Structures are given as structure tokens and as C-alpha cells.
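>
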């Protein structure tokens, strides 16, 4: 009985170690797949921001921006823009011009996703599905809601990034694990299985490893298992049992570390954990893209740096939790006061940056006034109400500097001059 028990235990441990290894490899595939999709999602967000700031764009302006946005990405079939629900802009134009004029609210395969994107105002991934210009593709849709003259938002249309269906294989890099079978299906509300669109549906009945893949507006389910099936070795080999136990433990630790690291990096890579604003890295990346576009279009950018006055005294007198709360409240007021197309970032400590497209000096003054208005009312920090001021520095690109780095440095210098001015007034 002991031998039988040991054999059963060994078999289960060996199978568990194998499943842990497959889970580790499938997790790598999932991370690659999500990364590939998220990169294209950022393209959709950038396109929406551009349209909201320039809703009367021409086909030539759209083509210039789209060309800079997708560069030589072979996985992008095209970028398209709907006015209402009708395709009005496409890039590349020649290969996709047959799609122009199609009302997607009348296309059965796309009607639901068009209206869903309109209602939720959130990015939505649909497909793979047939395209009106032929072929199949994945479509990331996002509604465009610019502001009218009164500041109210209205539905303008939608921006779409169309990805070739075969990009799933490119993003996931399945060929790194030739000993595994993979399949992907949609996961419907209530965790109900949907259509299998990659691999064989029979894989889901063979006790595979299952992983959820987060995609814009939904969830996919990734299945993985060895090509030769799961091993059920009943041989009583004690040293292999020990190795299997050790390997299973190590694989479990590695999987745990990878999954936790993956979750942490996704949150921390481009956003500040405290305020949820873009961090310095994302601000710099966005600044380079937006400044290149502004230079091409001969338009003006306003770069603002702001620093809270006497923030150290808040931490020293009220404690760091109150200091953190103040930073979060400042971020919330800035987001509420400024336009959605304006980029607000926390650069570190109590320092924030604002990047906005303005056309006149008056527009720059209005932007500064909006920022200062965020500090007109006291901040409630627990049981304490505190009136806080800030020092602001501004520079215009490319008027004040032909290099965006130089403009940012000028804004930083202006901020410190403003801080010294405030400090002198407090002494007086």
C-alpha cells in the first residue's frame, strides 16, 4: 500500500510540475499578447486625442499624423476614422479606399461593436471579423468626444486601429514553445465560453491550462497543453520524485514572482501609483511625439512646470499621509479643471507638468489661470483645511526654444523664479 501510495503521489507531483511549467510558458505568451495589443491601444488613444484637438482635420492632415503614428508597423492593416458611424478617413488610402463611405451601423458583423464603443466611451477590441474592404482583422475602436464652444462634449465619431488577424501569432510568439498547443477564444459575460478564433476548439476539452487575457472591453481565454498530451508516468523512481517536487516548487515560486512582477510593472511602468497620473517616463515619450507633430504642423505647445509651495512643511507638520492626500487632491483638481486633451503628469515629489496645445498668447494666459484656480479653495486633509499655493513656470515651443528639451528647461527655470518671488513675498 505504501508503494502504491508513493506511486500515486509521484504521478500527481510529476503532473503538477508539468502543469506548472506549461503555466509559466503560457504566462509568457499571455504577457507578450497583451503587450502587443496594448501598444496598438496607445495608437488608438493618440489618434483620438489628435482628433479631439483638431475635429475639422483634412484628409491630408489625417494622413500625415497616421503615417507618423504607425511608422512601419507590419501588424497594422489601416487606421480609420468614422464621422458618426460612416467611414470618412482611412490610411493607407490606396489599399483601403473601398471602405470609404460605408455606414458600419448597417454592417451586421460590426454594428454591435460600433454602438457599444459609442455608449461606453471606452476602447473596445472586436474580432477577428470580416472587413468591409476585404479580409479579416482585429479592430480597436474608441469614440471621439471633442468639446464645443461652450465646453460641452459631444459625440463626433470613432477612431479605429485595424490589426491584421495574423498579428495574434506575431504578438504571442507561439513559436517559442513548439512543444505546446495553444488556442484562444472569447470569454462572454458570466465566464461563458465564446467562439474559438485561434487553434482547435477540442483543446478546451483536454484539461488544458487556462489563462485570462485582458483586452480592451473584454476578456480572451488562452488554453495551452503539451502536443503529446499530459504525461501519466507511474514508474516508482524516487530520485525523479524528489526532482519533480523541487522543480514544481521552484516553478511555482517563479510563476508567483513573474505574475506579481507583471501586475506591478503594468501599473508602475507609465503611471504614478499615488496620483494615477502619467509619470516622468510617459510624459517624456508623449512630449517627443506631440512636439514632433507640432513642429510638422507649425503649431504651438505650452509646457508648464508647477511645484507646490512649502510642501515639506505639510509633511513635517501634518505627516506624510496628509502630504500624499494633498498630492492626490492636486492631481484631481488639475484633471477636473483642464481639458481632456491636455497632458498632466507627476514628475516626482511635489512637482507636476502640464503639456497643452495652444494657439495664442491669450491661450497660454488662460491655461496658467486655470492652473492657479485649482489652488483658490482650501484642500481638506482629514480634519484639516489647508490653503496651498504653487509656483508655475511656462515656456512655449517652438517660439522660446527650437528643442523641446530646451523649452522644458526654460519652464523649469521660470518655475524656480516664481518660487523665489513667492518666498520673497512671504518674508516681507
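In the numbering used here, the protein residues as written are 163 to 590.
Glycine is no exception: its CB is placed at the ideal position from the N, C-alpha and C atoms.
Computed from a prediction, not measured in an experiment: that's the story for all the values here.
#1: Give a yes or no on whether the C-beta atoms belonging to residue 276 and residue 302 are separated by under 7 Å.
#2: Where does residue 549 land, buried or exposed, given buried means 16+ other C-beta within 10 angstroms?
#3: Can you name the start and end residues of the beta strand (DSSP E) that residue 278 belongs to?
#4: Measuring straight from C-alpha to C-alpha, what distance separates residue 348 and residue 321?
#5: To the nearest angstrom, report how far apart residue 201 and residue 545 are at their CA atoms.
#6: Would you tell me roughly how many angstroms separate the C-alpha atoms of residue 285 and residue 306, rounded to the nearest one?
#7: Just reading off the alpha helix (DSSP H) that residue 482 is part of, what are its end residues?
#8: Once you ignore the five residues that flank residue 329 on each side, which residues in its own chain have a CB closer than 6 Å to its CB?
#9: Using only the alpha-carbon positions, how far apart do residue 359 and residue 257 sit?
#10: Kindly list the residues whose CB is nearer than 7 Å to the CB of residue 512, restricted to its own chain and excluding five residues on each side of it in sequence; keep chain order.
#11: Would you check if the distance between the CB atom of residue 582 and the CB atom of residue 572 is smaller than 7 Å?
#12: For residue 212, which of helix, strand or coil comes out of DSSP?
#13: Sort out for me which residues DSSP pairs residue 177 with in a bridge.
#14: Return the bridge partner residues of residue 304 from the DSSP annotation.
#15: Determine the DSSP secondary structure at residue 224, reduced to helix, strand or coil.
#16: Exposed or buried, residue 413, counting other C-beta atoms within 10 Å across all chains shown (16 or more means buried)?
#17: What first and last residue would you give for the alpha helix (DSSP H) that runs through residue 443?
#18: Can you tell me which residues form a DSSP beta bridge with residue 382?
#19: Should residue 208 be labelled buried (16 or more other beta-carbon atoms within 10 Å of its own) or exposed?
#20: Measuring only the C-alpha atoms, how far is residue 642 from residue 265?
#21: Assign residue 567 to buried or exposed, taking buried as 16 or more other Cβ atoms, counted over all protein chains shown, within 10 Å of its Cβ.
#22: Please classify residue 361 as buried or exposed, where buried requires at least 16 other C-beta atoms within 10 Å of its C-beta.
#23: Counting only beta-carbon atoms, is residue 290 nearer than 7 Å to chain D?
#24: Comparing C-alpha positions only, which one of 523, 540, 332 sits nearest to residue 556?
#25: Give me the DSSP bridge partner(s) of residue 298.
#26: When we look at the beta-carbon of residue 527 and count the other beta-carbons within 10 Å, is it buried (16 or more) or exposed?
#27: Give the range of the beta strand (DSSP E) segment to which residue 514 is assigned.
#28: Over what stretch of residues does the alpha helix (DSSP H) that includes residue 256 continue unbroken?
#29: Over what stretch of residues does the alpha helix (DSSP H) that includes residue 526 continue unbroken?
#30: Could you check the C-alpha separation between residue 421 and residue 435 for me, to the nearest Å?
#31: Residues in its own chain within less than 8 Å of residue 577 by CB, not counting five upstream and five downstream?
#32: Taking C-beta to C-beta, are residue 345 and residue 365 nearer than 7 Å?
#33: Which one or two residues does DSSP pair with residue 558 in a beta bridge?
Let me lay it out:
#1: no
#2: exposed
#3: From DSSP, residue 278 is part of no beta strand (DSSP E) but of the alpha helix (DSSP H) over 270–282.
#4: 23 Å
#5: 43 Å
#6: 10 Å
#7: 482–499
#8: 237
#9: 25 Å
#10: 469, 470, 473, 489
#11: no
#12: helix
#13: According to DSSP, residue 177 bridges with nothing at all.
#14: 321
#15: helix
#16: buried
#17: 442–459
#18: 348, 375
#19: buried
#20: Outside the shown range of the chain, which is 163 to 590, sits residue 642, and nothing can be said about it.
#21: exposed
#22: buried
#23: The structure shown contains no chain D, having only a single protein chain.
#24: 523
#25: 292
#26: exposed
#27: 513–520
#28: 255–258
#29: 523–535
#30: 18 Å
#31: 467, 468, 469, 553, 554, 555
#32: yes
#33: 464
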